[in-house]
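Chains as they are written, first to last, in the numbering used here: chain G, 18 to 214; chain Y, 18 to 214.
For reference, the structure discussed in these notes is given below.
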């Protein structure tokens, strides 16, 4: 293959999530062929992110300012905090457009297997926020996995001495799903949590 | 979603080949989280490619110099030219490591449907190289598609008045393939071109 610079770029791109060597090669060729319309704007946009994006000191979100736009916004309900595992989950909640409270990004979930303890996550800062007294409800929007459940359980046990309401996202059949394709656990849970209509 | 810079970068990355919005979001989050170890080296490598990579005036390959390292190399056979559709195909041939001649990148194949005529491709420059008299064999390594075949046919018809040998890559069953998964066309062709062992 030609050019040390090209090989180096292919190697770096191949390590990005959801990419491999083959797609990295395709991307690099595309970028070289469209230098003005693809490569240079991409470099500029990346430099913009590198220069301007910070982690919000309050909630852990990524934004151009800290505190972030959500923490600063007068339109968002300061009494509700939604606890998520990752900024990706915060973005997913924001895309739905139905949530108007605050967030708290843990940066992971507790995991005995991966050696993740409470002190490895942004948990202390959550309790600092809670102890300020402004927060009335904590919504736990953690993954529906065993580690996610354990983390929720841990947070509930530490919150139960406060007067704060703790809730969690409803579980059941996703919108548009075929029953046929649902796993047994989800079906059982949806049946147990059935609602009168 | 937070941050104009982030949204802009997601949109640009989502347009790259083999990526979409979902994987672009994952990549951008990864880059923000690993700014020092992923984002900054990526920007540097892209800037290196943007600054240094040129198109070879002789063969159409991408390299840090023009003529490229292959055209310049004293170790490569100057009497053989392998004609390929794209630089990606040149890379694929180089990875195999078995070819030691020169290349000529057409930049596409003739296509009535997409309105690609001979003057849209690097065909004239191929005949200029051929008329210099150093080239003794032209290997047509174009795609095994209808447009690829038409392009090969066109090149053969224009080369037939010269003394140059024109060859094409063998077609048949790929190494490691199960007959069961081969299409009828390939099986027929492999049967017709069978060899005594």
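The beta-carbon is built from N, C-alpha and C at its ideal position, and this holds for glycine as well.
How many angstroms separate the CA atom of residue 203 of chain G from the CA atom of residue 188 of chain G? 8 Å
Query raised in the report: DSSP three-state call for residue 165 of chain Y: helix, strand or coil?
Result: helix
- Ordered along the chain, which non-local residues of its own chain (more than five positions away) have a Cβ less than 6 Å from that of residue 143 of chain Y? 121
- prompt: Taking the alpha carbon of residue 72 of chain G as the point to measure from, which residue in G/109, G/123, G/170 and G/56 has its own alpha carbon closest?
  reply: G/123
If we define contact as Cβ-Cβ less than 7 Å, is residue 69 of chain Y a contact residue for chain G?
yes
Straight-line Cα distance separating residue 65 of chain Y from residue 81 of chain Y: 10 Å
How do the region 144 to 152 of chain Y and the region 93 to 111 of chain Y stand: do at least 3 beta-carbon pairs fall below 8 Å, yes or no?
yes
### Query
By the 10 Å Cβ neighbour count, where 16 or more other Cβ atoms means buried, how is residue 21 of chain Y classified, buried or exposed?
exposed
Inter-stretch contact at 8 Å, needing at least 3 Cβ pairs: the region 84 to 94 of chain Y / the region 127 to 139 of chain Y = no
- State whether the region 152 to 164 of chain G contacts the region 185 to 199 of chain G, with contact taken as three or more CB pairs (one from each stretch) at a distance under 8 Å. yes
Could you pull out every unbroken beta strand (DSSP E) segment of at least 3 residues lying fully inside the region 47 to 127 of chain Y, listed in chain order? 97 to 101 and 119 to 122
What residues match up with residue 140 of chain Y in a beta bridge as DSSP calls it?
The partner list for residue 140 of chain Y (beta bridge, DSSP) is empty, contrary to what the question assumes.
Buried or exposed (CB count within 10 angstroms, at least 16 for buried), residue 77 of chain G | buried
Bridge partners - residue 133 of chain G, DSSP secondary structure assignment: G/128
Identity of the residues DSSP links to residue 155 of chain G by a beta bridge | G/98 and G/183
Item checked: Selection from G/57, G/58, G/63 and G/211 that minimises the alpha carbon distance to residue 58 of chain Y -> G/63
Any beta carbon from chain G within less than 7 Å of residue 6 of chain Y's own beta carbon?
Lying outside 18 to 214, the shown extent of chain Y, residue 6 of chain Y is not represented and no answer is given.
| request: Kindly indicate which three-state DSSP category residue 27 of chain G falls into: helix, strand or coil? | output: helix
Rounded to a whole number of angstroms, what is the C-alpha to C-alpha distance between residue 115 of chain G and residue 109 of chain G?
-> 11 Å
May I ask you to report which of helix, strand or coil DSSP gives residue 3 of chain G? Since the first residue shown for chain G is 18 and the last is 214, residue 3 of chain G is missing from the structure and cannot be characterised.
What does the alpha-carbon distance come out to for the pair residue 74 of chain Y and residue 88 of chain Y? 10 Å
### Task
Could you check the C-alpha separation between residue 198 of chain G and residue 162 of chain G for me, to the nearest Å?
19 Å
> Using Cβ-Cβ distances below 8 Å, what residues of the region 18 to 43 of chain G are close to chain Y?
Replying inline: 18, 19, 20, 21, 22, 23, 25, 26, 29, 30, 32, 33, 34, 35, 36, 40, 42 and 43
- Item | Interface flag, residue 188 of chain G vs chain Y, CB-CB below 7 Å | no
Note down the Cα distance separating residue 54 of chain Y from residue 48 of chain G, rounded to an integer number of angstroms.
22 Å
Run through DSSP, which three-state label would residue 149 of chain G get? coil
- Mark residue 140 of chain Y as exposed unless 16 or more other C-beta atoms lie within 10 angstroms of its C-beta, in which case mark it buried. buried
| query | When the cut-off is 7 Å and only beta carbons count, does residue 119 of chain Y lie next to chain G? | reply | no
### Query
Which of helix, strand or coil does DSSP assign to residue 45 of chain Y?
helix
Looking at residue 33 of chain Y: is its Cβ nearer than 7 Å to the Cβ of residue 70 of chain G?
no
**Prompt:** Does any CB atom of chain G fall closer than 7 Å to the CB of residue 84 of chain Y?
**Reply:** no
So which of G/207, G/112, G/191 and G/208 has the shortest CA-CA distance to residue 42 of chain Y? G/112
Should residue 173 of chain Y be labelled buried (16 or more other beta-carbon atoms within 10 Å of its own) or exposed? exposed
Do you know offhand how far residue 191 of chain Y's Cα is from residue 104 of chain Y's?
22 Å
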